[in-house]
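Below: the structure, in structure tokens.
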Ligand code: 6PG
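In this note's numbering, the protein residues as written are 0 to 243.
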């Protein structure tokens, strides 16, 4: 593994997702030790799927008191939870169904509802968990799209510039589909954000974002900048191949 501040590169995707699961355990247990609980916002997509499976399997799953962990979602597709497209459905299969966590600690986005209603409902839920400094996730897990999106903050959508909201509905022309996403205001209030990026197709965008370019709304992932927190980019060698 080669390391730069905030960037870790792994020889293979397998080593990346194993390290990601271990990083998550460390962050979760530090949060529980410091504050007695941990709020985690999970990413959808394929890259984190195996990390969730590792997290939900021995030995890692036995290293956390799950009663003190609350899981949220960084975004959701506007589909029912039993849809193959559902981020909740994927995480439930790979993680939630394998650990003993109180069901009330799992906070899914109601993808089965109309996107605006689901967004407003989730906003209310998140504000219920907000402290004096607003809602501060201990960890936000994020992926990276080839177009520079993260969560469901797609380029040239209103959700990217939304102000005064924690959650927004977003219509994604490319998919001709609605999604619900955390806003940058919400994400950037987190204590820690971890990007998991794997595969050659992500190499160009990873370089554009990590090669010191200015934050650019055309690449929403480049706008993730925690006010008081740490961002860790975890890439496999292929995704990092253009970083030099
Ligand atoms: C989603 C994710 C999305 C994902 C990226 C990367 O709901 O799909 O929130 O932002 O992280 O599209 O996806 P992969 O990990 O599958 O490449």
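Using N, Cα and C, we set each Cβ at its ideal position, and we do this for glycine too.
According to the DSSP secondary-structure assignment, residue 180 is paired through a beta bridge with 74 and 167.
Taking C-beta separations shorter than 8 angstroms and ignoring five residues to either side along the sequence, the partners of residue 124 in its chain run 106, following chain order. The continuous beta strand (DSSP E) containing residue 193 extends over residues 191–196. Under the 8 angstroms Cβ criterion, the stretch 168–184 does not count as touching the stretch 196–212, having fewer than three qualifying pairs. A distance of 8 angstroms or more separates the beta carbons of residue 40 and residue 5.
Taking 8 angstroms as the cut-off, the beta carbon of residue 182 is found closer than this to the beta carbon of residue 167. Three or more Cβ pairs closer than 8 angstroms define a contact, and the stretch 90–102 meets that threshold against the stretch 60–70.
Closer than 7 angstroms to some heavy atom of the ligand 6PG: that does not describe the Cβ of residue 88. For the pair residue 21 and residue 27, the Cα-to-Cα distance works out to about 10 angstroms.
A residue is called buried when at least 16 other Cβ atoms come within 10 angstroms of its Cβ; residue 127 does not meet this threshold and is exposed.
By the CB criterion at 8 angstroms, residue 47 and residue 142 fall inside the cutoff.
Remark: C-beta atoms of residue 193 and residue 15 do not approach each other more closely than 8 angstroms. Under DSSP, residue 22 shares a beta bridge with no residue. Per the coordinates, the alpha-carbon of residue 42 lies some 11 angstroms from the alpha-carbon of residue 85.
Between residue 147 and residue 220, the C-beta spacing is below 8 angstroms. Taking the C-beta atoms as reference points, residue 153 is found no nearer than 8 angstroms to residue 190.
Just so you know, the alpha carbons of residue 78 and residue 112 end up roughly 8 angstroms apart.
With a threshold of 7 angstroms, the Cβ atom of residue 150 counts as near the ligand 6PG, since some heavy atom of the ligand is closer than that. Under the 10 Å beta carbon count, residue 55 is surrounded by 16 or more other beta carbons and is classified as buried.
Per DSSP, the continuous alpha helix (DSSP H) segment holding residue 116 begins and ends at 114–127. Counting along the chain, no beta strand (DSSP E) covers residue 63, and no H or E run does either.
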